[in-house]
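Which chain is which? The protein sequence lines are A and B, in order.
For the first sequence, the positions run 26 to 252 when our numbering is used.
For the second sequence, the positions run 975 to 1419 when our numbering is used.
Note that beta-carbon positions come from the ideal geometry of N, C-alpha and C, so glycine has one too.
This report refers to the structure that appears directly beneath it.
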Amino acid sequence: MNVLIIEDEKALAHELELFLVKNNYICEVSNNGISASEKIAVNLYDFILLDLGLPDYEGLDLLKEAKKANPEAACIILTARAEVNDRVKGLDLGADDYLAKPFSLLELQSRMQAITRRKFGITQNIIELDGFLVNLTERTIIYQDQAVNAITKKEFDLIAYMLLHKNRTLTRAQLSEHIWGSVINDDYDSNFIDAHIKNIRKKLSTFAPADWLETVRGLGYRIKTNV
Amino acid sequence: MKLTTKLTLFNAISKLVIVTLFILLLPNIIENINKSYNDSRLLKQKNKLLQIVKEKGIQTYIENGESYGMYLPLKEEYISLDEVEPGYHLDTIRDEQRLVERDTIDYRILSHTFKVDNKNYLLEIGKSTETIGETTGPLQNIAFQLLLGMILLTILADQIFSTYILRPLNIIIKTKLIGNKFPKFTVYKEVKTSTTDFQLLDLSIHKMVETIETTFQKEREFISNASHELMTPISILQSKIENMFELDIADELKVRLLEMQKILNRLKSITKTLLLISQIENEQFLKEDKISARYLLQDVYDEISIRLQDRNISLAILVIDDVELINVNKFLLFNMLFNLINNAIKYNKPDGEITVSAQWVKNNYTISIADTGIGIADEELPYIFNRFKKLKQSLSQDSFGLGLPIVKSIAVFHKIGINVVSEKGEGSTFTLTFPQKVTGELPAK
């Protein structure tokens, strides 16, 4: 998939590019509004990652141009400006999603995946893990026709997030950013992820061992699957 | 005590003291006036008599060497003329006693010797002292009543005048100082007064308020800008660290990256919190949500239950009266309650208890969060909502003292009152009192 990264902060643009290329995206980078405007007019992209705070260009104008020239492209606004008005304006102008800086690359990736799923109407999102059927759309886990009802909303969020990044070790910070992103509180280093994982394991093991949910010593957690 | 009262009181007391002194001295003064008036009358009478003697001769009074004497029927006045030895000389006015028809009476007596036809005569004119002093009493009374009336009148006048003259001061205090809510100020409106001191006071207060306002504004802008500016470098570092995890590196290095990520998260969390506070203070949030108190508390419970489990703390949510909170920002209210309950967990004892109750207290809807925790010392209580004022008890915790400032900002933004009662070692109770604009109704009676 083609991605245009519009970000005047070169270091950040570079990191975004590195990450996306590694995840099989094809990237182009614009460090200013003028070149971005040209690229939008000439090329077709699947994704446009747009920084609103460009020094030479009104970010929202760029968004309008993109919507006109590249109606198929999904636009994700990346900005430090998290004010309600900007957010509303951006989404009203047709942006598909909104990420406030600083954001996690994995968060960006899962949002891109979610947009892709929506766009391509993928509803069959059932993943099989040693007999457990995880339905990402309906948010259910079934083991041999029996629903694992005890799983809470937060616990399912965790499983789903790890599934989207299957076979990759996720640190506690990454997981916690994903499931507690909107809660602002002043404990920066909560290890409540461990408690959640413990609960998930306990609940799943009443059905069958869930060895696919691995602890990576000292680092974090990972869902290992061949699917 | 009010300034006008003080001024009036001082005026009244000082006047009373002066008048009392005057009234005490009055008999003496009147006596002196009477005496000198009387003396001058005696002198006039003497001169008149001498004039008669000069014109008509001494024979008018003394015939055949007999002495002359005459007094009024009530013996109030008398006059006597006597021949005395040639060498005798007297010219005085003094108080003496005289025996008149078996009565001994006090007189003010003018004695004067003079010569006519080589004979020496003594003239005495006397006036009874009693008649001299008899006006003193009534005079004193009249003076006393008159003065008292005048005092009352002046006190009244003083009161009216001082109230009038100090009115601008009252207006300044009421509209400029008490009426203003820091850090939000009303537009400057000149207080009308002809007193230059008050004009100066009004202007100085206005300038001071302006300075404070500018400082507040600058602080808000600074925090907002600084937090925004910090976001980009944090973003770069975060992406760099995340990308390094993807590299094929030793676990040992990954653990070190994890440490860096932790520190970065702390930085991110502080910046995000500051940004949130500055956004609240700059009124960047809308208050258009509607949510029931029960639902909101349940939401917080779902989010926080893992933390309770972690420390084996029990949480009881007693929604005694449920109410739909209107004109609120759900995200902010959630954060406020989350932080309060999270604190109740953090500063609780293991196996402790937390009770959250939502109910009407008189005409106000309140949510109170009571814990069985370590409590807050009295001397720390006034500072708990201060930004970065780290409490001693939180030093060992993974926090940076911004939880309560968030709570405070959100409460102020919604005009929710916060009251804290705490006892060291026993626990704390935070009570939120919602304004009617948020609860939208009064309790069903």
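Cα-Cα separation between asparagine 216 of chain A and glycine 245 of chain A, rounded to whole angstroms: Rounded to the nearest angstrom, the gap between the Cα atoms of asparagine 216 of chain A and glycine 245 of chain A is 11 Å.
Other residues of its chain near aspartate 1069 of chain B: CB distance less than 8 Å, five sequence neighbours each side excluded: Only residues of its own chain outside the window of five on either side were considered, and among them Asp1080, Tyr1081, Arg1082, Ile1083 and Thr1103 have a CB closer than 8 Å to the CB of aspartate 1069 of chain B, listed in chain order.
Contact set for isoleucine 1053 of chain B: own chain, Cβ-Cβ below 6 Å, skip 5 residues either direction: Closer than 6 Å at the Cβ level, and outside the excluded window around isoleucine 1053 of chain B, lie Met1044 and Ile1099.
Serine 1213 of chain B vs leucine 130 of chain A beta-carbon contact at 8 Å: In contact: serine 1213 of chain B and leucine 130 of chain A (Cβ atoms closer than 8 Å).
Element boundaries [beta strand (DSSP E), containing lysine 1101 of chain B]: Membership of lysine 1101 of chain B in the beta strand (DSSP E) is indicated by the continuous run 1093 to 1102.
Cβ shell of leucine 1369 of chain B (< 7 Å), same chain only, five flanking positions each side left out: Because the pLDDT at leucine 1369 of chain B is just 45, under 50, the model does not fix this residue reliably, and the point stays unresolved.
Simplified DSSP state of valine 67 of chain A, which is helix, strand or coil: Three-state DSSP puts valine 67 of chain A in a helix.
is_contact[serine 1402 of chain B, chain A] using C-beta, thresh 8 Å: No - not a single Cβ of chain A is within 8 Å of the one on serine 1402 of chain B.
For leucine 75 of chain A, three-class secondary structure by DSSP: Here leucine 75 of chain A carries a strand assignment [DSSP, helix/strand/coil].
With 16 other Cβ atoms within 10 Å as the buried cut-off, status of threonine 1109 of chain B: Exposed is the call here.
Partners in chain A for arginine 1281 of chain B, counting only beta-carbon separations shorter than 7 Å: Near arginine 1281 of chain B (Cβ distances below 7 Å), the residues of chain A are Phe217.
For glycine 58 of chain A and glutamate 1203 of chain B, the rounded distance between their alpha carbons: For glutamate 1203 of chain B and glycine 58 of chain A, the distance between alpha carbons rounds to 20 Å.
According to DSSP, residues forming a beta bridge with methionine 1044 of chain B: DSSP lists B:Ile1053 as partners of methionine 1044 of chain B.
Straight-line gap, leucine 995 of chain B to tyrosine 1162 of chain B (C-alpha atoms, nearest Å): Taking the straight line from one Cα to the other gives about 51 Å.
Any C-beta of chain A under 8 Å from that of glutamate 1216 of chain B: Interface residue (Cβ-Cβ distance to chain A less than 8 Å): glutamate 1216 of chain B is classified as such.
Leucine 1250 of chain B versus asparagine 68 of chain A: straight-line alpha-carbon distance, rounded: Distance from the CA of leucine 1250 of chain B to the CA of asparagine 68 of chain A, rounded to the nearest whole angstrom, comes to 38 Å.
Neighbour flag for isoleucine 1210 of chain B against chain A, beta carbons, 8 Å: At least one chain A Cβ lies under 8 Å of isoleucine 1210 of chain B.
Own chain partners of phenylalanine 1312 of chain B with C-beta closer than 6 Å, once the 5 adjacent residues on each side are dropped: Excluding sequence neighbours, phenylalanine 1312 of chain B sits near Val1274.
Enclosing beta strand (DSSP E) for threonine 1185 of chain B [first to last residue]: It is not in any beta strand (DSSP E) - threonine 1185 of chain B instead sits in the alpha helix (DSSP H) that spans 1170 to 1220.
Coarse secondary structure for asparagine 985 of chain B, derived from DSSP in three states: It is helical.
Helix, strand or coil at serine 1243 of chain B [DSSP, three-state]: Here serine 1243 of chain B sits in helix by DSSP.
Residues of the region 1290 to 1316 of chain B whose Cβ lies closer than 9 Å to any Cβ of chain A, in chain order: Residues passing the 9 Å Cβ filter: Phe1305, Phe1308, Asn1309, Phe1312, Asn1313 and Asn1316.
Cα-Cα separation, cysteine 52 of chain A to alanine 220 of chain A: Straight across, the Cα-Cα distance linking cysteine 52 of chain A with alanine 220 of chain A is about 38 Å.
One or two residues paired with glycine 8 of chain A in a DSSP bridge: There is no way to answer for residue 8 of chain A, as the model of chain A reaches only from 26 to 252.
Per-residue burial, leucine 1227 of chain B [other beta carbons within 10 Å of its own, 16 or more giving buried]: Leucine 1227 of chain B is exposed by the Cβ-count criterion.
Euclidean distance between Cα positions of lysine 1366 of chain B and alanine 1385 of chain B: Reliability fails at lysine 1366 of chain B, whose pLDDT of 49 lies under 50, so the model's placement of it is uncertain and no value is given.
Inter-residue spacing [alpha-carbon to alpha-carbon] between leucine 154 of chain A and leucine 188 of chain A: In a straight line, the C-alpha of leucine 154 of chain A is about 10 Å away from that of leucine 188 of chain A.
Exposure of glycine 1031 of chain B, with buried meaning 16 or more beta-carbon neighbours within 10 Å: Exposed, because fewer than 16 other Cβ atoms sit within 10 Å of the Cβ of glycine 1031 of chain B.
N- and C-terminal bounds of the beta strand (DSSP E) containing threonine 1403 of chain B: Its beta strand (DSSP E) spans residues 1401 to 1408.
Under 7 Å (Cβ pairs) to chain A, residues found in the region 1332 to 1351 of chain B: Answer set for the region 1332 to 1351 of chain B: empty.
Which of helix, strand or coil DSSP assigns to serine 129 of chain A: In the three-state DSSP reduction, serine 129 of chain A falls in the coil class, being neither helix nor strand.
Unbroken beta strand (DSSP E) run spanning glutamine 1333 of chain B, endpoints: First-last of the beta strand (DSSP E) with glutamine 1333 of chain B: 1327 to 1335.
Assigned exposure category for isoleucine 1223 of chain B - 16 Cβ within 10 Å defines buried: Label assigned to isoleucine 1223 of chain B: exposed.
Cβ-Cβ separation, isoleucine 1341 of chain B to serine 1396 of chain B (assumed contact under 8 Å), whole Å: Serine 1396 of chain B to isoleucine 1341 of chain B, Cβ: 17 Å. No contact.
Chain-ordered neighbours of serine 1383 of chain B on chain A, where CB pairs are closer than 9 Å: For serine 1383 of chain B, there are no C-beta contacts with chain A under 9 Å, since the nearest C-beta of that chain is about 11 Å from it.
3 or more residues per run - each beta strand (DSSP E) lying fully within the region 1268 to 1319 of chain B: Correct list: 1288 to 1293 and 1298 to 1302.
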